[in-house]
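Trainee:
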Amino acid sequence: MKASRSRGSRRALTAAVCALATAAVATGCGSAPTADAQNSKAGKAASAADLGGLDKLVAAAKKEGELNVYALAPDWANYGEMIKAFEKKYGIKVNNENPGGSSQQALNAAAKRKGQPRAVDALDLGTAYMQDAKAKQLLAPYKVEGWDEVPGAQKQPDGSFMDNYGGYISIGCDAKAVKKCPETFKDLLKPEYKNKVALNGNPTESSSALSAVFAASLANGGSLGDVQPGLDFFKELKSKGNYVPAESTLATIQKGETPISIDWDYLNLGYGDKLKPQGVDWKVTVPKDGQYSLYYNQGVNKYAPHPAAARLWLEFVYSEEGQNIWLKGYSRPALFDRMEKAGTADKAAAAKLPEVSGTPKSATPEQEAKAKEKVVQGWGKAVG
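For the sequence shown, this note's numbering gives the first residue as 1340, with consecutive numbering after it.
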């Protein structure tokens, strides 16, 4: 695990996203969640100013008393600390349903629970899934404080959603269970890794796994517009007996079931911290032959039963306090460059980000949507 990185590489993820813009988404019962919540003053608020300012938003959210979120794993980008900090600061209970769920499951929950007290309030989704949410008219435009200072590449002009945190596809490896850890996608095909390589999720419904297919495609002659080489790679990985169908988690790694995991660098690095006391030497490498990066996005559900709490949640995760919580979880917060220039970024956390050389590639929303369709059609044939 590398503990330092250059200033230039720190900015690589933001630079990649900006380049794309130039070229081209629990059960709870708050005080009064109803089917008409979307038509309330908070439900129609496109900014805190529409409610009279942030203090008024806080008061309205506290009155609701709860926030429903979905599929926010505590060890994912430091979500555990993010949720606890929000609850402590505002006294609002966060109902986090199905923490191990996928982007697709979160999207399904938002789409099917309109008007229900248990509907999802705020969504954290990969771009393709957030685009689906927007197409289904599930998002309520909301612009957080400081919106005008956020780079255009990191937000939708209508305020429907915005970049949240991001990272690079990486290879995590149990250095005690594997004699020599792989450093590239090409390495993963070696016979010494039989029954050892896993993904965090299914790429037909998980943004992290879909991004792994993108990275594998780039490593094997493909492009952001053509992920077939990525599917072919996993087909070969399966035929060689190296691919493990079990989805990689902290628990499966600790049990020795998935000693090699292709996943986001911030997840693999976080796993390393938790596995070290258990005697697991978890090494993390960003493969040079398949550098792929992506931001996840945050948005408010148009049918949120707690519309004020949903909007306050966005204000919190995009505040300097929230953005530094992402940074402590090894992810790159969307507002990192702005905070670094202002001297408000957590310097110790920033120094622990993994070193990455060169310019990573990131798919446009259109490319990701096309890739998702291709993978949904071809994944079963590749590894079934």
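Backbone N, C-alpha and C fix where the C-beta goes; we use that ideal spot for every residue, glycine too.
1) Tell me the DSSP secondary structure of residue 1595 in three-state form.
2) Taking residue 1429 and residue 1402 to be in contact with their CB atoms under 8 Å, please state how far apart those CB atoms are, rounded to whole angstroms.
3) Under DSSP, the alpha helix (DSSP H) around residue 1718 begins and ends at which residues?
4) Over what stretch of residues does the alpha helix (DSSP H) that includes residue 1570 continue unbroken?
5) Taking all protein chains shown into account, decide if residue 1369 is buried (16 or more other Cβ within 10 angstroms of its Cβ) or exposed.
6) Alpha carbon to alpha carbon, how far is residue 1506 from residue 1380?
7) How many Å lie between residue 1612 and residue 1575 at the Cα?
8) Which residue or residues does DSSP assign as beta-bridge partners of residue 1408?
9) Which class does residue 1680 belong to by DSSP, given the choice of helix, strand or coil?
10) With the cut-off set at 8 Å, would you say residue 1527 and residue 1586 are in Cβ contact?
11) Return the CA-CA distance between residue 1708 and residue 1650, expressed in angstroms with no decimal places.
12) Hey, residue 1620 and residue 1487 are a contact pair by Cβ (cut 8 Å); roughly how many whole angstroms apart?
13) Over the uninterrupted beta strand (DSSP E) stretch that includes residue 1462, give me the two end residues.
14) Does the separation of the CB atoms of residue 1385 and residue 1393 fall below 8 Å?
15) Should the stretch 1458 to 1465 be regarded as contacting the stretch 1559 to 1573, the criterion being three or more beta carbon pairs within less than 8 Å?
16) Excluding five sequence neighbours on each side, which residues of the same chain lie with their C-beta closer than 7 Å to the C-beta of residue 1623?
17) Let me know if residue 1637 comes out buried or exposed under the rule of 16 or more other beta-carbons within 10 Å of its beta-carbon.
18) Closest Cβ-Cβ distance between residue 1615 and chain B: below 8 Å?
19) Between the Cα of residue 1700 and the Cα atoms of 1427, 1564, 1432, which residue gives the shortest distance?
20) Could you pull the DSSP bridge partners for residue 1548 from this structure?
21) Might you give, ordered along the chain, the residues of its own chain that have their beta carbon closer than 6 Å to the beta carbon of residue 1663, omitting 5 neighbours on each side?
22) Beta-carbon within less than 8 Å of residue 1579's beta-carbon, same chain only, minus the 5 sequence neighbours each way: which residues are those?
23) What residues match up with residue 1672 in a beta bridge as DSSP calls it?
24) Does the beta-carbon distance from residue 1657 to residue 1691 come in below 8 Å?
25) Quick check: what's the CA-CA separation for residue 1715 versus residue 1703?
26) Which residues bound the alpha helix (DSSP H) around residue 1446?
27) Taking all protein chains shown into account, do 16 or more other C-beta atoms lie within 10 angstroms of the C-beta of residue 1712, making it buried, or fewer, making it exposed?
28) Have a look at the DSSP bridge pairing and note the partners of residue 1562.
29) Which one of 1572, 1647, 1471, 1418 has the shortest CA to CA distance from residue 1503?
30) Secondary structure at residue 1642, three-state DSSP: helix, strand or coil?
31) Work out the CA separation of residue 1589 and residue 1615 for me, nearest whole Å.
32) Evaluate residue 1721 with the Cβ neighbour count: other Cβ atoms within 10 Å of its Cβ, from every protein chain shown; 16 or more gives buried, anything less gives exposed.
33) Of the choices 1644, 1490, 1495, whose alpha-carbon is the least far from that of residue 1375?
34) According to DSSP, is residue 1585 part of a helix, a strand, or is it coil?
35) DSSP puts residue 1636 in a beta bridge; with which residues?
Mentor: According to the structure shown:
1) As a position in the sequence shown, residue 1595 is number 256, starting the count at 1. Three-state DSSP puts residue 1595 in coil, outside helix and strand.
2) To locate residue 1429, count along the sequence shown from 1; it is residue 90. To locate residue 1402, count along the sequence shown from 1; it is residue 63. Contact doesn't hold; Cβ gap of about 11 Å is too wide.
3) The sequence position of residue 1718 within the sequence shown is 379, counting from 1. Residue 1718 -> alpha helix (DSSP H) spans 1704 to 1722.
4) For the purposes of this step, residue 1570 is taken as residue 231 along the sequence shown, with counting starting at 1. Looking at the DSSP string, the run of the alpha helix (DSSP H) that includes residue 1570 is 1567 to 1578.
5) Reading the sequence shown from its first residue, position 30 is the one you call residue 1369. The predicted model places residue 1369 with a pLDDT of 41, which falls under 50 and marks its position as unreliable; any figure quoted below should be read in that light. Buried is the call here.
6) Within the sequence shown, the letter at position 167 stands for residue 1506. Within the sequence shown, the letter at position 41 stands for residue 1380. Their Cα atoms are separated by approximately 36 Å.
7) In the sequence shown, the residue the question calls residue 1612 occupies position 273. In the sequence shown, the residue the question calls residue 1575 occupies position 236. Approximately 32 Å between the Cα atoms of the pair.
8) Indexing the sequence shown from 1 puts residue 1408 at position 69. Answer is 1435.
9) Taking the sequence shown and counting its residues from 1, the one referred to as residue 1680 is at position 341. Helix, per DSSP.
10) Start at 1 with the first residue of the sequence shown, and residue 1527 comes out as number 188. Start at 1 with the first residue of the sequence shown, and residue 1586 comes out as number 247. For residue 1527 and residue 1586, no; Cβs fall outside 8 Å.
11) The residue you call residue 1708 lines up with position 369 of the sequence shown. The residue you call residue 1650 lines up with position 311 of the sequence shown. Between residue 1708 and residue 1650, the C-alpha separation is close to 27 Å.
12) Residue 1620 sits at position 281 when you count from the first residue of the sequence shown. Residue 1487 sits at position 148 when you count from the first residue of the sequence shown. The pair is not a contact, with the Cβ atoms about 46 Å apart (cut-off 8 Å).
13) For the purposes of this step, residue 1462 is taken as the residue at position 123 of the sequence shown. Note, residue 1462: beta strand (DSSP E), 1461 to 1464.
14) Locating residue 1385 in the sequence shown gives position 46, where the first residue counts as 1. Locating residue 1393 in the sequence shown gives position 54, where the first residue counts as 1. Not a contact, by the Cβ cut-off of 8 Å.
15) no
16) Translated into positions along the sequence shown, residue 1623 becomes position 284. The answer, listed in chain order, is 1340, 1509, 1511, 1604, 1607, 1608, 1611, 1693.
17) Your numbering for residue 1637 matches position 298 in the sequence shown. By the 10 Å Cβ count, residue 1637 comes out buried.
18) Absent here is chain B; the protein component of the structure consists of one chain.
19) Working through the sequence shown from its first residue, we reach residue 1700 at position 361. Answer by Cα proximity: 1564.
20) The sequence position of residue 1548 within the sequence shown is 209, counting from 1. Looking at the DSSP assignment, residue 1548 forms no beta bridge with any residue, so it has no partner.
21) As a working mapping, residue 1663 is identified with position 324 in the sequence shown. Only 1685 meet the Cβ criterion.
22) As a first step, residue 1579 must be located in the sequence shown, where it is residue number 240. Excluding residues within five positions, the ones whose Cβ falls inside 8 Å are 1528, 1530, 1533.
23) Counting from 1 along the sequence shown, the entry for residue 1672 is found at position 333. 1504.
24) As a working mapping, residue 1657 is identified with position 318 in the sequence shown. As a working mapping, residue 1691 is identified with position 352 in the sequence shown. For residue 1657 and residue 1691, no; Cβs fall outside 8 Å.
25) Indexing the sequence shown from 1 puts residue 1715 at position 376. Indexing the sequence shown from 1 puts residue 1703 at position 364. Between residue 1715 and residue 1703, the C-alpha separation is close to 18 Å.
26) To locate residue 1446, count along the sequence shown from 1; it is residue 107. 1442 to 1451 is the span of the alpha helix (DSSP H), which, as asked, contains residue 1446.
27) For the purposes of this step, residue 1712 is taken as residue 373 along the sequence shown, with counting starting at 1. By the 10 Å Cβ count, residue 1712 comes out exposed.
28) In the sequence shown, counting from the first residue as 1, residue 1562 sits at position 223. Answer by DSSP bridge pairing, in chain order: 1565.
29) For the purposes of this step, residue 1503 is identified with residue 164 of the sequence shown, where counting begins at 1. It is 1418.
30) The residue you call residue 1642 lines up with position 303 of the sequence shown. In this structure, residue 1642 counts as coil in the three-state DSSP scheme.
31) The residue labelled residue 1615 in the question sits at position 276 within the sequence shown. The residue labelled residue 1589 in the question sits at position 250 within the sequence shown. If I take the Cα positions, the gap works out to 12 Å.
32) Start at 1 with the first residue of the sequence shown, and residue 1721 comes out as number 382. The residue is buried, with at least 16 neighbouring Cβ atoms inside 10 Å.
33) By one-based count along the sequence shown, residue 1375 stands at place 36. Among 1644, 1490, 1495, the Cα nearest to that of residue 1375 is on 1644.
34) Locating residue 1585 in the sequence shown gives position 246, counting from the first residue. Here residue 1585 sits in coil by DSSP.
35) The residue given as residue 1636 occupies position 297 in the sequence shown. For residue 1636, which the question treats as bridged, DSSP gives the partners 1464, 1502.
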